[in-house]
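Residue numbers (my numbering): 855 to 1017.
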């Protein structure tokens, strides 16, 4: 039984401050389908992709230019038997200097290989962090899911036959 949390790392040729502000802007790298503030401490925002994934997330920790942590307060997947798999888990972004670059380590604490959603979530987080967030930080433009419901989520739904 594996119990290690999902983690992925990117290194960008930008300052920790630039990375920090990009991460807080979930609409620019995760999804335009977000209601609420993603950058205000103790505020909760709501994310959804059709009826496949609905999630409420609260910003619980901000250490400027170093760490951002969110807690999943509610979650529902249409494709898992256990609808609560993400509830209580944390999304943690840690920024450190690596020479003249910034290393960003993303860990989804509590998202473990034993979870039914793990393979889908592994693909999703890898794409969002290594591609969309990376591009947002390095080029100023991420690839979030558009409000029309297409984009990366649509690709995942098709790939994993979630509908």
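Ideal Cβ positions, reconstructed from N, Cα and C, are used throughout, including at glycine.
This one's a predicted model, so the numbers in the text were calculated from it and none came from an experiment.
So the candidates are the options; which of them puts its Cα closest to the Cα of residue i?
i: residue 949; options: 932, 1015, 866, 860; result: 866
i: residue 946; options: 939, 887, 958, 890; result: 958
i: residue 916; options: 982, 903, 892, 863; result: 892
i: residue 971; options: 899, 960, 941, 956; result: 941
i: residue 933; options: 979, 975, 906; result: 906
Would a check of beta-carbon distances place residue i closer than 9 Å to chain D?
i: residue 949; result: Judged by its chain identifiers, the structure shown contains no chain D, having just a single protein chain.
Residue i to residue j, Cα distance in whole Å?
i: residue 896; j: residue 943; result: 16 Å
i: residue 858; j: residue 965; result: 8 Å
i: residue 1015; j: residue 983; result: 22 Å
i: residue 928; j: residue 882; result: 22 Å
On the three-state DSSP scale, how would you describe residue i?
i: residue 955; result: strand
i: residue 969; result: coil
i: residue 1001; result: coil
i: residue 871; result: helix
Within 8 Å: the Cβ of residue i and any heavy atom of the ligand MG?
i: residue 905; result: Absence of the ligand MG from the depicted structure is noted, as is the absence of any ligand whatsoever, leaving it without description.
Find out if the Cβ-Cβ distance for the pair residue i, residue j is shorter than 9 Å.
i: residue 886; j: residue 900; result: no
Query raised in the report: Touching or not, the stretch 872 to 882 and the stretch 982 to 996, by the rule of three or more beta carbon pairs under 8 Å?
Result: yes
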